[in-house]
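Here the structure is laid out as structure tokens; the discussion comes afterwards.
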Amino acid sequence: MANSKPHAIVFPYPYQGHITPMINLCLSLASKNLTITFIPLEFNHHSISKAHDLPADAHIFTGARNAGLDIRYAAISDGFPVDFDRDGNDDDRNYSDYWMTMFRDFPGRVDALVAGIVTSSGDSPPSVMITDTFFSWVATPICEKYGMINVSVWTQPAAVFAINYHFDLLRENAHFPPQHGEGEEGIINYIPGVGSMRPRDLMSYVQYPDMIPMLTEIEVKAFDHVKQADFILCNTVEELESDTLSALNQILPSFPIGPINFYDGSLARSLRPHTDCTEWLNSKPPASVLYISFGSINFIADKEELVEFAYGLLVSRVYFIWVIKDDQEKHFLPSGFEDGVGSRGLVVPWCDQDGVLASPATGGFLTHCGWNSVLESMWHGVAMICYPFLVDQPTNRKLVVDDWRIGVNLCDGGRVTREEVAEKIDVVMKGDSALRMKSEVEKVRKKLHNSLGEEGSSHKNLDLFWERLKLSL
Ligand code: UDP
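Residue numbers (full-length UniProt numbering): 1 to 473.
Take a look at the structure:
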């Protein structure tokens, strides 16, 4: 390695659940004396600037730079207008068209940008590329061309990584394509390091590849390429997934360094503006509020389901904060719902989820089981009601409910009913069942907090990764 300070260029995947951990990872690595050039997509840059009212000459890391960290910043265009609906709510084809175009054009755009950074970086040209695993297909050709170390960041559980990595085993055992219908159940007990699971615990793109075919394509493409990575950083904790991580380590150097969701609370990370719930939460008794959120992705919920959730909340009589991002979804609520619940509930378009979960008033989380939401809930010791529907969420549910016993199922894959919503709220928030669940989630909370302590596994794994990275330069 040249005497100069190592320099990494970093590409986050353009969704909230990927951006937050990547920003935090950059701060950790920059604190270890790595120069970072952070490269978000322009539309993410615009959303974050708008959500946080950042001045035109500022960006996410301006404060960190002023504090002495060498984090540079260069947004890149994906070739689409900033306000293009990339999730496809205006038109179902948008999502697929968007990613088809990205597969075709984005590596060339990245190459041009990286070439410019290489030429302009003087005596510290980038020698490392850190990308989200879903961008491995961007990383492979660039790392080969410029001789960079390829670091892949996985923002879901190690179990999901392992299943994707061994997709060929799913095919060999006839679990992909799925055999829906009689006798399809079977058991998946052949993924190295991953405990037995049922087909319905697999990720949605394995169970229902025809639902959004592009999701399967994105995963398969990512995992074809991630095999070329030099290091994998996983946003998970060794104590939670030790068997899976040991097995993964046999095939790729993998470092569980999570949770990387909590770094510096004041930093601008959110793609949407927060509604402040602090005062409202402060007025509520301990553990009395149910927090409800189905994540950051813009898929519009089904009207009937929303109505059942609303009536379930009315029946249960708990306090609640419900994140409903889209006005169209809000119109699905029964008429007079918000007036009817009065001060008992808040419906907000977006909030500081971490802040809400941290509040002593919060006593349960009705979640879609996005991995960041699961980590954040565990971190704050909040038990979950699990209502997964897409991508890794069914597999995350299995970990939360069946393996760690810190949550309950809602409707177990069937249609949601108001009676079950009310019943599960009671299980998680009232009586002996709530106390039992609280004591289980408290054990997991301690594991997460310990992992980041000076002697903790994640802390040590990050140090180990850093040493191995320096040796490989
Ligand atoms: N989130 C938030 N405010 C909200 C709803 C969600 O800040 O009102 C954040 C949440 O804290 C989490 C992320 O959005 O970090 C969602 O990521 P997750 O992996 O849970 O779900 P995804 O959006 O990827 O399905």
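The beta carbon of each residue, even a glycine, is placed where N, CA and C say it ideally should be.
Rounded C-alpha distance that separates residue i from residue j
i: Val153; j: Pro286; result: 37 Å
i: His368; j: Leu471; result: 41 Å
i: Arg468; j: Met22; result: 20 Å
i: Gly108; j: Ala139; result: 12 Å
i: Leu452; j: His459; result: 5 Å
i: Met378; j: Asn461; result: 20 Å
i: Lys145; j: Ala67; result: 34 Å
i: Asp210; j: Phe38; result: 35 Å
i: Thr20; j: Asn261; result: 6 Å
i: Glu454; j: Tyr263; result: 15 Å
i: Ala2; j: Lys32; result: For Ala2, the predicted model reports a pLDDT of 48, less than 50, meaning its position is unreliable; a value from the coordinates is still stated below. Using only the alpha carbons, I get a separation of about 17 Å.
i: Met437; j: Gly116; result: 53 Å
i: Ile366; j: Pro253; result: Strictly speaking, residue 366 in this sequence is Leu, with Ile absent from that position. For Leu366 and Pro253, the distance between alpha carbons rounds to 35 Å.
i: Gln179; j: Leu435; result: 40 Å
i: Ser204; j: Gly122; result: 46 Å
i: Asp87; j: Tyr98; result: 9 Å
i: Ala422; j: Val315; result: 6 Å
i: Gly363; j: Ile425; result: 10 Å
i: Pro6; j: Val110; result: 20 Å
Any non-hydrogen atom of the ligand UDP within 8 Å of residue i CB
i: Glu376; result: yes
i: Thr155; result: yes
i: Thr367; result: yes
i: Asn450; result: no
i: Gly17; result: yes
i: Cys351; result: yes
i: Ser373; result: yes
i: Asp354; result: yes
i: Val391; result: yes
i: His380; result: no
i: Asn24; result: no
i: Asn461; result: no
i: Gly295; result: yes
i: Thr417; result: no
Cβ pair residue i, residue j closer than 9 Å
i: Phe441; j: Gly381; result: Going by the sequence as given, residue 441 is Val instead of Phe. Going by C-beta atoms, Val441 is nearer than 9 Å to Gly381.
i: Gly312; j: Thr244; result: no
i: Ala229; j: Asn150; result: yes
i: Leu41; j: Asp85; result: no
i: Ile406; j: Met429; result: no
i: Gly355; j: Phe320; result: no
i: Thr395; j: Ile232; result: no
i: Ile218; j: Ile130; result: no
Bridge partner(s) assigned by DSSP for residue i
i: Pro256; result: Cys234
i: Thr37; result: Ile9, Arg72
i: Trp404; result: According to DSSP, Trp404 bridges with nothing at all.
*Inspect the CB distances between the segment 5-17 and the segment 226-245 and report whether three or more fall short of 8 Å.*
no
*Could you tell me whether the segment 215-225 touches the segment 411-425, using the rule of 3 or more Cβ pairs below 8 Å?*
no
*Three CB pairs or more closer than 8 Å across the segment 302-312 and the segment 45-59*: no
*Decide yes or no for the touch test of the segment 196-205 against the segment 110-124: beta carbon pairs closer than 8 Å, at least 3 of them.*
no
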